[in-house]
Structures are given as C-alpha cells and as structure tokens.
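Visitor: Residue numbers for the sequence shown, in UniProt numbering: 1 to 345. Below you'll find the structure I mean.
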Amino acid sequence: MMEGHKLRYLQLLLKRKKENIETYISAVGELEQEARKCYAEPNSLSAPMFIEMLVLDGCFIIELIRKFDRRDPTCKNDPIFKMGWIMNSLQRDVVLFENQIPFVVLLRIFELIEGPNRHDRLIRRLILFCRNLYPGGKIENGTERKVEEIKHVLDLVHGNWIPSVKEVCVNVDEGSRMRQWQFVHSATELTNANVAFEKKICKDFFKVEFEDGVMLMPPLTIEDRTECFFRNLIAYEQYFPNTTQPNFVTDYVTLMDSLINASGDVEILSECEIIDNWLGDNEVVANMFNQLTLSITGPGEHFLYTKVFGRVNSHYKKPWNRAWAALRRDYFNSPWAYFSFFAAL
C-alpha cells in the first residue's frame, strides 16, 4: 500500500521544487558503493534499482517528517494524515531494523531539498516524528552527536534515548565480569520480602535505584507499539562491540523480565504507577517481557544493574525482611488491624 504513497510524495516533491528526478538519482548514485557497504549481506539489486529504492524511500521519509513537523495545509487532504492508524504504523515502520537506509543517503537528499548545513533540522524532525514511540522518559541529546556518527534512523532513536557516557554512572563492579551476580526475584516475591516499589520521575529512563528496601523506577507506558520498539532496539544492540558501555535497552528489558513472571507482578507495578498499561490485560504485558529476552545474547560484562541486583538479593536473603512482610500481610493488612492492636496493647 505504501508504494503508491511513496510515488505520490516523490511527484509532489518534484513539483514543489520544480526539479526532475535525475538530480536526485545522480546525487544518490555517487553514494552507491558507500551505501552498499552499510548492509550486512550482499545486495543483489542492480545499480539502477538500488539507487531508485534509496531515492524513493529517502524522499518519502524526508517529506513525511517535513509535513509532520509543519502540518502544512496539504496535510488536510493527505490520506496519511487523515487516518491516525496509518501515522502510528509509519512511526513504527521507520524504526524497523530491516527498513533502515544509510543516514548519509538521507543527508544527501535532505541537502538537495532544504539546502546545505541544516543537518540539525533533519535530526530534530526525525526525533519529533518518533517521539511517541518512546515508552518512557527520554533525553533530547540527539543533536549532541556528530552527524557523521549516525548510522541510520534506528541508531538516532537509540542514541537519543540512552544517557550519554559522560552522564551515566555504570553500576558495574568486578563481580559482574565473573558473572557472579544473580537475577532478582519477581515483584510478588520481593513484595513478600518487604521490598516496596515507587515511581521516580527523572531524566534518565534507565536509572533504577534500590535504597532502604525501596526500588525506585521511572514510569513505563506500554501500548501496541512498545514490544516492536523494544525488539528493534534490542536487535540493534546485538551488533554492538564488547565495550565498556552497557546495552541499555537489553539490560532494562532483562531487569523487567526478572521482575515480571506473571500477571500479578504487572499488577503490583501498575498499582505503584511504574507501569501504565494501555493494553489493559496484565497477562499480555507479562508475556511480552517474558518473550522479549528469548534468543538474544544475555547481559554482557558491563551489565547496567549489577549493583542494584546485588543489593536487592542481599535484602531478600535476610529472614527478618520476609518475616516482617508476612506479619504485615497476615496481621496488619487493614487500618482496623492497627486500631485493634493498639487497643489491645
């Protein structure tokens, strides 16, 4: 269905700019060999077909984010903007791992349309277009990266979400390198060990803390596109070299998979306003996180939540914490129980 929209956008672009298609084919053709090297597998398309694909997709993306940003009068009669489900689908498709085209191609086409030295405008528009996909707090730091370092749109979305290396304090110690840390128990089991969960609003979505028996976590909104968003970022992180920087998205999903084993765990996190479940069914959310970590490489040497896991497990192993939680659950589970206790005392 989208092929027709791509051709329509290309025709509108050429008409608006009063140019012919050869200008764009020639400009992108200069990048053909560089673009082919960006793909993991050899591309069997001939040179004309490969260039045509890059021009068609590149012009469509740039025109789409331009219209989305400006909301010009032509959008009123544009089928893409008239139906919300199409826009939601396009926002998801733009970050699909298999849909990426080299960012250098987008830059070249953008320069032809908007003029040179306006790379910040392209980055800002792409981030604005994909903003609704982020399931939680995000850092608007995309413009801080050198444009030459951006590989594609998915890389831009990933880099805009994670904290910069200068800001993050990696919770890693030597024990993690020997894989001596252990996964934490589910939210239900931790609640039975006197662990409380609290929502914490902060700029860094991946910042999770454990202090005095309380796990502080940023809020997470889960809707129809959240699983797809997580999957594609995890897939992208699987290609990262083994450096000192953690795989933020993979590590975060690993944390959530540890905390969530069943619908009851989702209910606990929802009651604490950590999870905002737009799907409605807690079982669906639980299955989502349980499936996300299948068939991927687990946390590496620099697991983001090593110290958090260590502190939580140390708290869980203390018998007094579980005894106190059982006392509160069995004998002080309502305000009237406290009144009765003090009256008897």
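The C-beta atom is built at its ideal place from N, Cα and C for all residues, glycine as well.
(1) Would you mind working out which of MET256, ASP212, GLY298 sits nearest ARG311, comparing C-alpha positions?
(2) Since GLU267 is in the alpha helix (DSSP H), which residue starts that stretch and which ends it?
(3) Quick check on ILE65: does DSSP put it in helix, strand or coil?
(4) Over what stretch of residues does the alpha helix (DSSP H) that includes ASP120 continue unbroken?
(5) By how many angstroms is the C-alpha of VAL284 removed from the C-alpha of MET273?
(6) Taking Cβ positions, are CYS75 and TYR9 nearer each other than 9 Å?
(7) Do three or more CB pairs link the segment 121 to 134 to the segment 89 to 96 at distances below 8 Å?
(8) Sorted by chain position, which residues of the same chain lie with C-beta nearer than 7 Å to GLU114's C-beta, five sequence neighbours on each side aside?
(9) Hey, would you say ASP257 sits closer than 9 Å to TYR305, going by beta carbons?
(10) Check whether the segment 151 to 164 and the segment 97 to 111 are in contact - that is, three or more C-beta pairs closer than 8 Å.
(11) Going by Cα to Cα distance, which pick from ALA193, SER26, ALA40, SER89 is closest to ARG108?
(12) State the CB to CB distance for the pair residue 346 and HIS315, rounded to an integer number of angstroms; the pair is presumed to be in contact (CB under 8 Å).
(13) How big is the Cα-Cα spacing for MET217 and ARG16?
(14) ASP212 by DSSP, collapsed to three states: which one?
(15) Can you list, in chain order, the residues of its chain with a C-beta nearer than 6 Å to that of ASN282? Leave out the 5 residues immediately preceding and following it.
(16) Buried or exposed: where does ASN160 fall if 16 or more other Cβ atoms within 10 Å of its Cβ makes it buried?
(17) Would you kindly work out how many angstroms separate the C-alpha atoms of LEU279 and GLU271, rounded to a whole number?
(18) How big is the Cα-Cα spacing for THR226 and PRO299?
(19) Do the CB positions of GLU110 and HIS119 come within less than 9 Å of each other?
(20) Quick check: LEU90 and LEU126, are their CB atoms within less than 9 Å of each other?
(21) With the cut-off set at 9 Å, would you say THR191 and PHE197 are in Cβ contact?
(22) Please report the distance separating the alpha-carbon of SER186 from that of GLU148.
(23) Is it right to say ASN117 is buried, meaning 16 or more other beta carbons lie within 10 angstroms of its own, or is it exposed?
(24) Could you give the distance in angstroms between the alpha-carbon of LEU233 and the alpha-carbon of PRO319?
(25) My understanding is that PHE206 touches ILE162, with C-beta atoms under 8 Å, so please give their C-beta distance in whole angstroms.
(26) Alpha carbon to alpha carbon, how far is GLU22 from LEU220? Give it in angstroms, no decimals.
(27) Give me the residue from LYS317, VAL253, THR297 with the minimum Cα distance to ASN290.
(28) Please give me, in chain order, every unbroken run of the beta strand (DSSP E) with length at least 3 that falls completely inside the segment 191 to 262.
(29) Let me confirm a value: ARG71 is counted as buried when at least 16 other C-beta atoms fall within 10 Å, else exposed. Which label applies?
(30) Which one of ILE123, ASP78, VAL308 has the shortest CA to CA distance from GLY4?
(31) Quick one, are the C-beta atoms of ARG36 and PHE50 less than 9 Å apart?
(32) Go ahead and label LEU13 buried or exposed: buried means 16 or more other beta carbons lie within 10 angstroms of its beta carbon, across all protein chains shown.
(33) Go ahead and label ALA47 buried or exposed: buried means 16 or more other beta carbons lie within 10 angstroms of its beta carbon, across all protein chains shown.
(34) Roughly how many angstroms lie between the CA atoms of MET1 and PHE210, to the nearest whole one?
(35) Would you mind reading off the limits of the beta strand (DSSP E) that contains ASP276?
(36) DSSP state of TYR305, grouped into three classes?
Guide: The relevant details are as follows:
(1) In the sequence shown, the residue the question calls residue 311 occupies position 311. With distances taken between Cα atoms, ARG311 lies closest to ASP212.
(2) What you label residue 267 is simply residue 267 of the sequence shown in a count that begins at 1. Segment 263 to 271, the alpha helix (DSSP H) holding GLU267.
(3) Counting from one through the sequence shown, the residue named residue 65 turns up at place 65. Reduced to three states, the DSSP call for ILE65 is helix.
(4) As a position in the sequence shown, residue 120 is number 120, starting the count at 1. Taken as a continuous stretch (DSSP letters only), the alpha helix (DSSP H) holding ASP120 covers 119 to 130.
(5) The count along the sequence shown starts at 1 and reaches residue 273 at position 273. The count along the sequence shown starts at 1 and reaches residue 284 at position 284. The residue you asked about is not Met; residue 273 is Glu in the sequence shown. If I take the Cα positions, the gap works out to 18 Å.
(6) For the purposes of this step, residue 75 is taken as residue 75 along the sequence shown, with counting starting at 1. For the purposes of this step, residue 9 is taken as residue 9 along the sequence shown, with counting starting at 1. It is not a contact, given that the beta carbons lie outside the stated cut-off.
(7) yes
(8) For this step, residue 114 is matched to residue 114 along the sequence shown. Once the five neighbours on either side are set aside, the close Cβ partners of GLU114 are ARG121.
(9) Position 257 of the sequence shown, counted from the start, is the residue given in the question as residue 257. Position 305 of the sequence shown, counted from the start, is the residue given in the question as residue 305. Result no, Cβ atoms of ASP257 and TYR305 do not sit closer than 9 Å.
(10) yes
(11) The count along the sequence shown starts at 1 and reaches residue 108 at position 108. Nearest C-alpha to ARG108: SER26.
(12) Residue numbering for the chain in the displayed model covers 1 to 345; residue 346 lies beyond these limits and cannot be assessed.
(13) Here residue 217 refers to the residue found at position 217 when the sequence shown is read from its first residue. Here residue 16 refers to the residue found at position 16 when the sequence shown is read from its first residue. Approximately 48 Å between the Cα atoms of the pair.
(14) Taking the first residue of the sequence shown as 1, we reach residue 212 at position 212. Note: ASP212 maps to coil in three-state DSSP.
(15) Residue 282 sits at position 282 when you count from the first residue of the sequence shown. Excluding sequence neighbours, ASN282 sits near SER263, VAL266, GLU267.
(16) Here residue 160 refers to the residue found at position 160 of the sequence shown. Flag for ASN160 reads buried.
(17) The count along the sequence shown starts at 1 and reaches residue 279 at position 279. The count along the sequence shown starts at 1 and reaches residue 271 at position 271. Their backbone Cα atoms lie some 15 Å apart in a straight line.
(18) Within the sequence shown, the letter at position 226 stands for residue 226. Within the sequence shown, the letter at position 299 stands for residue 299. Their backbone Cα atoms lie some 21 Å apart in a straight line.
(19) Numbered from its first residue, the sequence shown carries residue 110 at position 110. Numbered from its first residue, the sequence shown carries residue 119 at position 119. At residue 110 the sequence reads Phe, which differs from the Glu that was named. Yes; because the gap between Cβ atoms is below 9 Å, this pair is in contact.
(20) Position 90 of the sequence shown, counting from 1, holds the residue named residue 90. Position 126 of the sequence shown, counting from 1, holds the residue named residue 126. The answer is no: Cβ separation not under 9 Å.
(21) Looking up residue 191 in the sequence shown gives position 191. Looking up residue 197 in the sequence shown gives position 197. Yes, Cβ-Cβ distance for THR191 and PHE197 is below 9 Å.
(22) Within the sequence shown, residue 186 is the residue found at index 186, counting from 1. Within the sequence shown, residue 148 is the residue found at index 148, counting from 1. Those two C-alpha atoms are separated by around 42 Å.
(23) Here residue 117 refers to the residue found at position 117 when the sequence shown is read from its first residue. Under this definition ASN117 is an exposed residue.
(24) The residue given as residue 233 occupies position 233 in the sequence shown. The residue given as residue 319 occupies position 319 in the sequence shown. Cα to Cα, LEU233 sits roughly 39 Å from PRO319.
(25) Locating residue 206 in the sequence shown gives position 206, where the first residue counts as 1. Locating residue 162 in the sequence shown gives position 162, where the first residue counts as 1. Correct: roughly 7 Å between the Cβ atoms.
(26) Indexing the sequence shown from 1 puts residue 220 at position 220. Indexing the sequence shown from 1 puts residue 22 at position 22. If you take the alpha carbons of LEU220 and GLU22, they lie about 46 Å apart.
(27) Along the sequence shown, read from residue 1 onward, the residue named residue 290 stands at position 290. Of LYS317, VAL253, THR297, the residue nearest in Cα terms is VAL253.
(28) 196 to 199, 209 to 211, 214 to 217, 220 to 222
(29) Locating residue 71 in the sequence shown gives position 71, where the first residue counts as 1. Classification for ARG71: exposed.
(30) On the sequence shown, position 4 is the one that residue 4 refers to. Of the listed residues, the one whose Cα sits closest to GLY4 is ASP78.
(31) In the sequence shown, residue 36 corresponds to position 36, counting from 1. In the sequence shown, residue 50 corresponds to position 50, counting from 1. Cβ atoms of ARG36 and PHE50: closer than 9 Å.
(32) The residue labelled residue 13 in the question sits at position 13 within the sequence shown. Buried.
(33) Indexing the sequence shown from 1 puts residue 47 at position 47. Flag for ALA47 reads exposed.
(34) Working through the sequence shown from its first residue, we reach residue 1 at position 1. Working through the sequence shown from its first residue, we reach residue 210 at position 210. Answer to the nearest angstrom: the Cα atoms are 49 Å apart.
(35) Stepping through the sequence shown from its first residue, residue 276 is reached at position 276. Here the beta strand (DSSP E) through ASP276 covers 275 to 277.
(36) Position 305 of the sequence shown, counted from the start, is the residue given in the question as residue 305. Strand at TYR305.
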